[in-house]
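S.K.:
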Amino acid sequence: MTRSEYKRRRRSLASLIGADGLAILPAAREAVRNRDVHYPFRQDSDFNYLTGFPEPDAFAVIAPKRKEGAFVLFCRPRDEEREQWDGARIGIEGATARFGADQAHPLSELDEVMPTLIEGRKRLYFPIGTDPALDARVIGWVNQVRAKARSGAIAPDTFVTIESLLHEQRLHKSQAEIAIMRRAARISAQAHGRLMRSSRPGLSEADLEAEFQHACASQGARFLAYPTIVGGGPNACVLHYTENADTLREGDLVLIDAGCELEGYASDITRTFPVNGRFTPPQRAVYELVLEAQLAAIKKARPGCRWNEPHEAAVRVLTKGLIGLGILEGKVGALIKDEAHKPYYMHRTGHWLGMDVHDVGAYKRDGDWRRLEPGMVLTVEPGLYLADTEAVPAPYRGIGIRIEDDVLITEEGHEILSAAAPKDPDAIEALMAG
Ligand code: GLY
Ligand code: MN
Ligand code: MN
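Here is the structure:
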């Protein structure tokens, strides 16, 4: 991502908050896993979106129309000894020289400098309610300004969650963002293809998990966007199955929901295929039904359609299909109205995709599902989860299938970013046989 892209984003936020507003955004903090071990650091998506600054222990301030410049960054100073242990730091000079901050201060000056930035502003934008310590700290800074009211200091009287502005901005992807998301989805899609080629009975679910990670890391995407799900056989019916500890068995399907993160952007793909490379007839029947539902949903992923139209299209196909399989009984219309699909399809058909796998952005506007617009990216991921129970005819028991693609809304319709992962059942069988 270029420096000018971050600058454009900050300008666009600045114009929304106005000359009498001020935005404060904290970086993510390192989290302890156990004793001296930390979780891998992941920058806060909002902070990253506006700054591209990759370190913890930092604060960004956007102060529109400030004469010394609108972008102020607080961060860790250089420290020879710490850098010997933990690696290079960007430091105060790096913050201005490399990240476009108009001014930078060491984090230790935060409580001293922040009230001077807040003074004179009417509205304060920050992530209200995400961290009680941050809420208290911001109010502390505001109170320092209030204490000077008799000498004419103006303190903010309006507090607004910054998410309402920033998340609408993040929902509409720029060309630069789309280019990264296209690459992320392609890396993941090719990794899914590789898993199909290496699958065989006797491998463990963890073998495929590890192979996915390897395939992505070797293409430049070292981190995944979320924990990989590899569910063999009935494990596929557990929606967030991440134990990945069982052995893959002859005659079973395996469901793999996995996606890499590339330069801060997620991909999110699910494929389900036979462990041994050949669908049994009942597996193929359910697979073709889920695929038909997914294709019907993708047709409704185009400008002007409302958010829920892909979901409604998928539910219609699945409901009809469940009657065909002898799992539901009755009239399609009434079954849809009663949500009879829910024991077998209990999640929705997708979500926004971006820096976060379940990305930000409102789904409704003024009470109605919003319309899709070019530049939005969503997943389309219907499934069927036919548990090993009496209600399910014997041949279908224990079959869990989901097919998930990443879809960019374009002027003409859509682009399937994850198209490189095979999903046609004949194509999967051919790939696995080859
Ligand atoms: N992998 C999470 C999801 O599909 O929503
Ligand atoms: Mn997924
Ligand atoms: Mn998803």
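Residue numbering for the sequence shown follows our numbering, beginning at 156 and increasing consecutively. No residue lacks a Cβ here, since even glycine has one placed at the ideal position from N, Cα and C. Remember, predicted model here, so these are calculated numbers, not experimental data.
Along the chain, where does the alpha helix (DSSP H) that runs through His347 open and close?
M.R.: Here residue 347 corresponds to residue number 192 of the sequence shown, with the count starting at 1. Residues Gln330 to Ser353.
S.K.: Counting along the chain, where does the alpha helix (DSSP H) carrying Pro436 start and finish?
M.R.: On the sequence shown, residue 436 is found 281 positions in, with the first residue counted as 1. Start and end: Pro436 to Lys454.
S.K.: For Ala400 and Gly509, which I take to be in contact (beta-carbon distance under 8 Å), what is that distance rounded to the nearest angstrom?
M.R.: Residue 400 sits at position 245 when you count from the first residue of the sequence shown. Residue 509 sits at position 354 when you count from the first residue of the sequence shown. About 31 Å; that fails the 8 Å criterion.
S.K.: In this structure, does DSSP put Cys471 in helix, strand or coil?
M.R.: Translated into positions along the sequence shown, residue 471 becomes position 316. Reading off the sequence shown, one finds Arg at residue 471, where the question assumed Cys. Of the three classes helix, strand and coil, the one that applies to Arg471 here is helix, per DSSP.
S.K.: Which one or two residues does DSSP pair with His193 in a beta bridge?
M.R.: Position 38 of the sequence shown, counting from 1, holds the residue named residue 193. Answer is Val187, bridged to His193.
S.K.: Classify Ile294 as buried or exposed, calling it buried when 16 or more other Cβ atoms lie within 10 Å of its own Cβ.
M.R.: In the sequence shown, residue 294 corresponds to position 139, counting from 1. Exposed, by the Cβ-count rule.
S.K.: Using only the alpha-carbon positions, how far apart do Gly479 and Gln438 sit?
M.R.: Walking along the sequence shown from the start, residue 479 turns up at place 324. Walking along the sequence shown from the start, residue 438 turns up at place 283. Inter-residue distance for Gly479 and Gln438 is about 14 Å (C-alpha atoms, whole angstroms).
S.K.: For Arg233 versus Gly242, is the C-beta distance shorter than 7 Å?
M.R.: Indexing the sequence shown from 1 puts residue 233 at position 78. Indexing the sequence shown from 1 puts residue 242 at position 87. Against a cut-off of 7 Å, the Cβ pair of Gly242 and Arg233 comes out as no contact.
S.K.: What do you reckon, is the C-beta of Thr534 under 6 Å from a heavy atom of ligand 3?
M.R.: Within the sequence shown, numbered from 1, the residue matching residue 534 stands at position 379. At least one heavy atom of ligand 3 is nearer than 6 Å to the Cβ of Thr534, so yes.
S.K.: Taking the beta strand (DSSP E) that Gln258 belongs to, which residues open and close that run?
M.R.: Your numbering for residue 258 matches position 103 in the sequence shown. Note, Gln258: beta strand (DSSP E), Gln258 to Pro261.
S.K.: Check for me: the beta strand (DSSP E) holding Glu534 runs from which residue to which?
M.R.: In the sequence shown, the residue the question calls residue 534 occupies position 379. Looking at the sequence provided, one finds Thr at residue 534 rather than Glu. Per DSSP, Thr534 belongs to the beta strand (DSSP E) from Val532 to Val535.
S.K.: Do Ala340 and Asp561 have their C-beta atoms closer together than 7 Å?
M.R.: Against the sequence shown, residue 340 aligns to sequence position 185. Against the sequence shown, residue 561 aligns to sequence position 406. Yes, the Cβ-Cβ distance between Ala340 and Asp561 is below 7 Å.
S.K.: Please report the straight-line C-alpha distance between Cys230 and Val268, rounded to a whole angstrom.
M.R.: On the sequence shown, residue 230 is found 75 positions in, with the first residue counted as 1. On the sequence shown, residue 268 is found 113 positions in, with the first residue counted as 1. Each residue's Cα considered, the two are about 13 Å apart.
S.K.: Using DSSP bridges, identify the partner residues of Gly386.
M.R.: Taking the sequence shown and counting its residues from 1, the one referred to as residue 386 is at position 231. In the DSSP output, where bridge partners are listed per residue, Gly386 has Leu410.
S.K.: Which two residues bound the contiguous beta strand (DSSP E) that contains Leu279?
M.R.: Taking the sequence shown and counting its residues from 1, the one referred to as residue 279 is at position 124. Where Leu279 is concerned, the enclosing beta strand (DSSP E) stretches over Arg278 to Phe281.
S.K.: Could you tell me which residues DSSP puts in a beta bridge with Thr271?
M.R.: Here residue 271 is taken as the residue at index 116 of the sequence shown, counted from 1. Answer by DSSP bridge pairing: none, since Thr271 is not bridged.
S.K.: Determine the DSSP secondary structure at Phe208, reduced to helix, strand or coil.
M.R.: Position 53 of the sequence shown, counted from the start, is the residue given in the question as residue 208. Phe208: coil per DSSP, three-state reduction.
S.K.: Three or more C-beta pairs closer than 8 Å, one from the segment 433-447 and one from the segment 358-369: is that the case here?
M.R.: no
S.K.: Taking Pro181 as part of the beta strand (DSSP E), name the residues at either end of that continuous run.
M.R.: What you label residue 181 is simply residue 26 of the sequence shown in a count that begins at 1. Gly176 to Pro181 is the extent of the beta strand (DSSP E) around Pro181.
S.K.: Do Ile335 and Leu417 come within 7 Å of each other at the CB atom, strictly closer than that value?
M.R.: Taking the first residue of the sequence shown as position 1, residue 417 is located at position 262. Taking the first residue of the sequence shown as position 1, residue 335 is located at position 180. In this structure, Leu417 places its C-beta atom within 7 Å of the C-beta atom of Ile335.
S.K.: Let me check understanding here. Comparing Cα to Cα, which of Thr157, Arg426 and Glu570 lies closest to Ile556?
M.R.: By one-based count along the sequence shown, residue 556 stands at place 401. Cα-wise, what sits closest to Ile556 is Arg426.
S.K.: With DSSP as the reference, please indicate the residues paired to Ala588 in a beta bridge.
M.R.: By one-based count along the sequence shown, residue 588 stands at place 433. Beta-bridge pairing links Ala588 to no other residue.
S.K.: What separation, rounded to the nearest whole angstrom, lies between the Cα atoms of Arg158 and Arg221?
M.R.: In the sequence shown, residue 158 corresponds to position 3, counting from 1. In the sequence shown, residue 221 corresponds to position 66, counting from 1. Going from the Cα of Arg158 to the Cα of Arg221 covers about 20 Å.
S.K.: Using the three-state DSSP reduction, which class does Ala377 fall into: helix, strand or coil?
M.R.: The residue given as residue 377 occupies position 222 in the sequence shown. For clarity, residue 377 is Arg in the given sequence; the question names Ala instead. If DSSP states are grouped into helix, strand and coil, Arg377 belongs with coil.
S.K.: Using the beta-carbon count (16 or more within 10 Å), is Asn189 buried or exposed?
M.R.: Counting from 1 along the sequence shown, the entry for residue 189 is found at position 34. Result: exposed.
S.K.: Got a sec? Which residues, its chain only, sit under 7 Å from Thr504 by beta carbon, not counting five neighbours each side?
M.R.: As a position in the sequence shown, residue 504 is number 349, starting the count at 1. Ala452, Pro465, His466, Ala469, Val535, Glu536 and Pro537.
S.K.: With respect to the alpha helix (DSSP H) encompassing Cys371, which residues constitute its N-terminal and C-terminal limits?
M.R.: On the sequence shown, residue 371 is found 216 positions in, with the first residue counted as 1. Counting along the chain, the alpha helix (DSSP H) containing Cys371 begins and ends at Glu360 to Ala372.
S.K.: Specify the secondary structure class of Thr251 as computed by DSSP and reduced to three states.
M.R.: Within the sequence shown, residue 251 is the residue found at index 96, counting from 1. Looking at Thr251 - three-state DSSP - the assignment turns out to be helix.
S.K.: For Leu228, which of helix, strand or coil comes out of DSSP?
M.R.: Your numbering for residue 228 matches position 73 in the sequence shown. Strand at Leu228.
S.K.: Are the segment 302-311 and the segment 385-403 touching by the rule of at least three beta carbon pairs closer than 8 Å?
M.R.: no
S.K.: Pop quiz: Pro181 and Leu289 are said to be a contact at Cβ under 8 Å. What is the actual Cβ separation, rounded to whole angstroms?
M.R.: The sequence position of residue 181 within the sequence shown is 26, counting from 1. The sequence position of residue 289 within the sequence shown is 134, counting from 1. With 8 Å as the limit, Pro181 and Leu289 qualify as a contact, their Cβ atoms being about 6 Å apart.
S.K.: Would you check whether ligand 3 has a heavy atom nearer than 6 Å to the C-beta of Asp257?
M.R.: As a working note, residue 257 is residue 102 in the sequence shown. No - ligand 3 has no heavy atom lying nearer than 6 Å to the Cβ of Asp257.
S.K.: So, for Gly419: in the same chain, excluding its five sequence neighbours on each side, which residues have a beta-carbon less than 6 Å away from its beta-carbon?
M.R.: Position 264 of the sequence shown, counted from the start, is the residue given in the question as residue 419. Residues of the same chain with a CB within less than 6 Å of the CB of Gly419, apart from the 5 flanking positions on each side, are Asn203 and Met510 in chain order.
S.K.: For Ala380, which residues in the same chain have their Cβ closer than 7 Å to its Cβ, ignoring the five residues on either side in sequence?
M.R.: The residue labelled residue 380 in the question sits at position 225 within the sequence shown. Once the five neighbours on either side are set aside, the close Cβ partners of Ala380 are Gly414, Cys415, Glu416, Ala421, Ser422, Asp423 and Val512.
S.K.: Given the structure, does Asp407 come close to ligand 1, in the sense that its CB is under 6 Å from one of the ligand's heavy atoms?
M.R.: The sequence position of residue 407 within the sequence shown is 252, counting from 1. Flag unset: Cβ of Asp407 not near ligand 1.
S.K.: Give the DSSP-derived three-state secondary structure of Gly479 in the structure shown.
M.R.: Position 324 of the sequence shown, counted from the first residue, corresponds to residue 479. Reduced to three states, the DSSP call for Gly479 is helix.
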